[in-house]
Amino acid sequence: MTVVFDLDGTTIFNGNKMTSEMEKAIKLLSFHERIVFASARPIRDMLPVLPIAFHNYDLIGGNGAFVKQNNVLTTSAFSEEESQTIFNVIRKHNLNYLVDSDWNYSFSGDKDHPLYQGLDPDKTAKNLPIERIKPIVKSVLFTTNPDIINELKTVGINVHFHGNEQLIDISPNGISKWTGFNQLDIVDNFIMFGNDANDIPMFKNASKSFIVGNLIDGLPNTTNISKEKVIETILSLANPIKEEVETI
1 MTVVFDLDGT
11 TIFNGNKMTS
21 EMEKAIKLLS
31 FHERIVFASA
41 RPIRDMLPVL
51 PIAFHNYDLI
61 GGNGAFVKQN
71 NVLTTSAFSE
81 EESQTIFNVI
91 RKHNLNYLVD
101 SDWNYSFSGD
111 KDHPLYQGLD
121 PDKTAKNLPI
131 ERIKPIVKSV
141 LFTTNPDIIN
151 ELKTVGINVH
161 FHGNEQLIDI
171 SPNGISKWTG
181 FNQLDIVDNF
191 IMFGNDANDI
201 PMFKNASKSF
211 IVGNLIDGLP
221 NTTNISKEKV
231 IETILSLANP
241 IKEEVETI
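FYI, UniProt numbering numbers position 246 of the sequence shown as 246, with every residue one higher than the one before it.
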């Protein structure tokens, strides 16, 4: 069995590093299950919040646009048409943005924003002018304007709406955590821990899912849990006897 963990809002909170208690629970589970981490963050920004012991695990970043396996990083980039649409939308509407390549990025906006505070904390990348970001693998636009969202969707760009954060998270056409997961060639059933809309493709394909909070409900084979119950739930899966009972 494979167990997939989202990061923000599921196993880490408020942009902080994973706690030692969460690390211990996942380590215990890893003794007899394969562990994968899947996040909206690019791999660059996943590593600083993960314990070093988890850096060699399979990682899915950028909602499927980045996949790191056996220390090899692969990316799925926007097409030329999609990239041009992103540039045009930014210029036309004078938007603040975060645009990622495979490692470097271009940021324009409020440096007090929580997103910027969690951006490249280990300072391993460069903040480049946007025209030097090639290819574009992932982007965040600081807007929730429905006309802009429709303009992006017209060319097939995936848009994840984060209304509470006043931004949209966009990724290439056809890319999701599920497509990233499929690159790992995992053929057995899996369990998913997540909390929001970008986890839905994983929830729909998992044999069992645990949804942290109540942003998503009503999906089959899912159980909603509070963030206070995440560690307890992981520990219950780490007990092979209890896991067998719960997944029959």
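Quick reminder that beta carbons are idealized off the backbone N, C-alpha and C, glycines included. Remember, it's a predicted structure, so these values are computed and weren't measured experimentally.
| residue 251, enclosing alpha helix (DSSP H) - first and last residue | Here the chain comprises residues numbered 1 to 248, so residue 251 is not present and cannot be evaluated.
| For alanine 40 and valine 245, the rounded distance between their alpha carbons | Because the pLDDT of valine 245 is 39, which lies under 50, any placement of that residue in the model is unreliable, and the number read from its coordinates should be weighed accordingly. Answer to the nearest angstrom: the Cα atoms are 32 Å apart.
| query | Okay, do the segment 47 to 57 and the segment 169 to 181 touch, 3+ Cβ pairs below 8 Å being the bar? | reply | no
| said: If we require 4 or more residues per run, which alpha helix (DSSP H) segments fall completely within the segment 126 to 198? | reply: 146 to 154, 177 to 182
| CB-CB length for threonine 179 against glycine 64, believed under 8 Å | 5 Å
| Alpha carbon to alpha carbon, how far is phenylalanine 181 from aspartate 110? | 33 Å
| said: Please give the ranges of any alpha helix (DSSP H) in the segment 60 to 116, keeping only runs that are unbroken, at least 4 residues long and fully inside the region. | reply: 80 to 93
| Expressed to the nearest angstrom, what Euclidean distance is found between the alpha-carbon atoms of aspartate 102 and aspartate 45? | 12 Å
| field | Candidates Val99, Gly213, Asn150, Ala197: closest to valine 140 by CA position | value | Val99
| query | Measuring CB to CB, does isoleucine 43 end up less than 8 Å from phenylalanine 66? | reply | yes
| For the 8 Å Cβ check, are there 3 or more pairs between the segment 193 to 212 and the segment 222 to 241? | yes
| message | Residues in the same chain with beta-carbon distance under 7 Å from aspartate 6, minus the five sequence neighbours each way, listed in chain order, please. | response | Ala38, Ser39, Phe193, Gly194, Asn195, Asp199
| task | Compute the distance between the beta-carbons of valine 49 and isoleucine 12, then report whether it is under 8 Å. | result | yes
| query | At what residues does the beta strand (DSSP E) containing threonine 222 begin and finish? | reply | 222 to 225
| query | Where does valine 187 land, buried or exposed, given buried means 16+ other C-beta within 10 angstroms? | reply | exposed
| request: Look at the alpha carbon of asparagine 71 and the alpha carbon of lysine 123, and state the distance between them as a whole number of angstroms. | output: 19 Å
| query | DSSP puts serine 236 in a beta bridge; with which residues? | reply | The partner list for serine 236 (beta bridge, DSSP) is empty, contrary to what the question assumes.
| task | Just list the alpha helix (DSSP H) runs in the segment 9 to 51, keeping only unbroken ones of 4 residues or longer that don't cross its boundaries, in chain order. | result | 20 to 30, 43 to 46
| Own chain, CB closer than 6 Å to residue 253, minus 5 neighbours either side, in chain order | With the chain running from 1 to 248 in the structure shown, residue 253 is simply not present.
| How big is the Cα-Cα spacing for alanine 238 and proline 135? | 40 Å
| query | Alpha carbon to alpha carbon, what distance is there between glutamate 82 and methionine 18? | reply | 34 Å
| said: On the criterion of 16 or more Cβ atoms from any shown chain inside 10 Å, does glycine 174 qualify as buried, or is it exposed? | reply: exposed
| If you draw a straight line from the alpha carbon of isoleucine 35 to that of asparagine 14, how long is it in whole angstroms? | 23 Å
| request: Could you tell me the distance, in whole angstroms, from the CA atom of threonine 223 to the CA atom of methionine 202? | output: 14 Å
| query | What whole-angstrom Cβ distance do isoleucine 234 and isoleucine 26 have, given they're in contact under 8 Å? | reply | 6 Å
| Residue closest to asparagine 221, alpha-carbon to alpha-carbon, out of Ser236, Asn189, Pro129 | Asn189
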